[in-house]
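My numbering puts the first residue of the sequence shown at 17, with every later residue one more than the last. Written out below as structure tokens is the structure these notes cover.
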Amino acid sequence: MVRTIAFVLVAGLAGCASSGGYSPAPIYRAPIVAPPPGPSIYDTAPRAPLHGQLFACNGGGGSNIGEISYDGAVILYAPYMNTPAGELLRNPTEVACLSSGFGWRGTLGSGRQHNGLDLANRAGGFIYAAGPGRISYADYRGGYGNTIEIDHGNGVRSLYAHMSEFDQRLVRGAPVYAGQPIGRMGMTGNATGVHLHYEVWIEGLLVDPLHYGRPPTYVSAPPPEDSFLDEMEAALDDK
Ligand SMILES: [Zn+2]
17 MVRTIAFVLV
27 AGLAGCASSG
37 GYSPAPIYRA
47 PIVAPPPGPS
57 IYDTAPRAPL
67 HGQLFACNGG
77 GGSNIGEISY
87 DGAVILYAPY
97 MNTPAGELLR
107 NPTEVACLSS
117 GFGWRGTLGS
127 GRQHNGLDLA
137 NRAGGFIYAA
147 GPGRISYADY
157 RGGYGNTIEI
167 DHGNGVRSLY
177 AHMSEFDQRL
187 VRGAPVYAGQ
197 PIGRMGMTGN
207 ATGVHLHYEV
217 WIEGLLVDPL
227 HYGRPPTYVS
237 APPPEDSFLD
247 EMEAALDDK
């Protein structure tokens, strides 16, 4: 093996030498300069899509999912929430389903408060700034893992946790625009699966990013098709 490599090297040098032509030896060599870094993945990624619907993961098996329709869509979902700082995305992900909602998890006396939405997607899926603002935190934060927090002004902040990575240029004070790709989906910190933990704070209080500003809904799933009922009745009659 070593001999083979040596032979190839010699042959290569010989090839160079025999290529002919005048080739002056350089008097000095300029220091080797690393090529400029290519465009960041965060520069080339598309900005946030506007999701018209949000579906529950796994047919709605998560906690605090709320009302869902027959096909698993969150009832009366709206892409934006109106806050004192303007519109924020309720689902600031590339593609994700709702695996857990805001509120108490567990039973009375046993469980704990879940302070945000859990939006699950494949690892590496992009996460976006929910609205314009400035970075107020960008670092690893214990159980939250890789975390970014954006100050949107007027007492409104949003927080993104468990990211696999985030744009390293987003240091404290850096401006972000609405829908700017800021990080990627992961499970850093205390997470049992790949998801974004998304929190919204308004005037010092945590709010439900899914339902903030919306009246309670009392919409039931559409009734099954008549033919389905007919089949059920027929099946019962047969017995
Ligand atoms: Zn969570």
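The beta carbon of each residue, even a glycine, is placed where N, CA and C say it ideally should be. No experiment lies behind these values; they were computed from the predicted model shown.
Alpha carbon to alpha carbon, how far is residue j from residue i? Give it in angstroms, no decimals.
i	j	result
Ala-89	Leu-114	9 Å
Leu-212	Met-201	6 Å
Leu-222	Asp-59	31 Å
Tyr-228	Ile-84	17 Å
Pro-191	Gly-209	30 Å
Met-248	Ala-72	28 Å
Ile-151	Gly-54	24 Å
Tyr-96	Asp-167	17 Å
Val-187	Pro-231	37 Å
Glu-215	Asp-253	52 Å
Asp-87	Asn-107	19 Å
Gly-199	Gly-125	36 Å
Leu-14	Gln-184	This structure gives no information on residue 14, because the portion of the chain shown stretches from 17 to 255.
Gly-149	Arg-63	15 Å
Val-24	Ser-56	Confidence is the limiting factor: at Val-24 the pLDDT is only 41, short of 50, which leaves the residue's position unreliable, though a coordinate-based value still follows. Going from the Cα of Val-24 to the Cα of Ser-56 covers about 38 Å.
Phe-182	Gly-75	30 Å
Gly-189	Gly-127	36 Å
Trp-217	Gly-169	11 Å
Val-172	Gly-102	9 Å
Asn-206	Tyr-93	28 Å
Asn-131	Gly-159	13 Å
Ile-21	His-178	Since pLDDT at Ile-21 reaches only 45, below the 50 mark, its modelled position is unreliable, and no value is offered.
Can you tell me whether residue i sits near ligand 1, meaning its C-beta is under 7 Å from at least one heavy atom of the ligand?
i	result
Asp-134	yes
His-4	Nothing about residue 4 can be reported from this structure: the residues present for the chain run from 17 to 255 only.
Ser-174	no
Ser-116	yes
His-130	yes
Thinking just about the alpha-carbon of each residue, which of the options is nearest to the one in residue i?
i	options	result
Glu-219	Thr-109, Ala-207 and Pro-100	Pro-100
Leu-66	Ser-180, Val-216, Ala-194 and Gly-102	Ala-194
Gln-129	Arg-63, Val-172 and Ser-116	Ser-116
Gly-68	Ile-91, Asp-224, Asn-137 and Ser-174	Ile-91
Gly-204	Ala-250, Arg-157 and Asp-183	One detail in the question is off: residue 204 reads as Thr in this sequence, not Gly. Nearest of Ala-250, Arg-157 and Asp-183 to Thr-204, Cα basis: Arg-157.
Ala-258	Ala-136, Glu-110 and Ala-251	In the structure displayed, the chain extends from 17 to 255; residue 258 sits before or after that span and is not available.
Leu-70	Glu-181, Gly-189 and Ala-136	Ala-136
Pro-225	Ser-174, Gly-189 and His-178	Ser-174
Leu-133	Tyr-176, Gly-75 and Ser-180	Tyr-176
Ser-180	Asp-155, Glu-103, Gly-171 and Gln-196	Asp-155
Ala-61	Gln-196, Gly-171 and Gly-102	Gln-196
Can you give me the start and stop residues for the beta strand (DSSP E) that residue i sits inside?
i	result
Thr-208	Premise fails: Thr-208 is in no beta strand (DSSP E) and is neither H nor E.
Ile-164	162-169
His-67	No beta strand (DSSP E) holds His-67; DSSP gives it neither H nor E.
Met-201	No beta strand (DSSP E) holds Met-201; DSSP gives it neither H nor E.
Gln-129	126-130
Val-223	221-223
Glu-103	102-105
Val-90	Val-90 -> no beta strand (DSSP E), and no H or E assigned at all.
Ala-72	Ala-72 -> no beta strand (DSSP E), and no H or E assigned at all.
Tyr-176	172-179
Return the first residue and the last residue of the alpha helix (DSSP H) that residue i is part of.
i	result
Tyr-156	It is not in any alpha helix (DSSP H) - Tyr-156 instead sits in the beta strand (DSSP E) that spans 149-156.
Tyr-58	57-60
### Query
Counting Cβ pairs closer than 8 Å, one from the segment 135-142 and one from the segment 154-167, do we hit at least three?
no
### Query
Would you call the segment 106-123 and the segment 61-80 touching, i.e. three or more CB-CB distances under 8 Å?
yes
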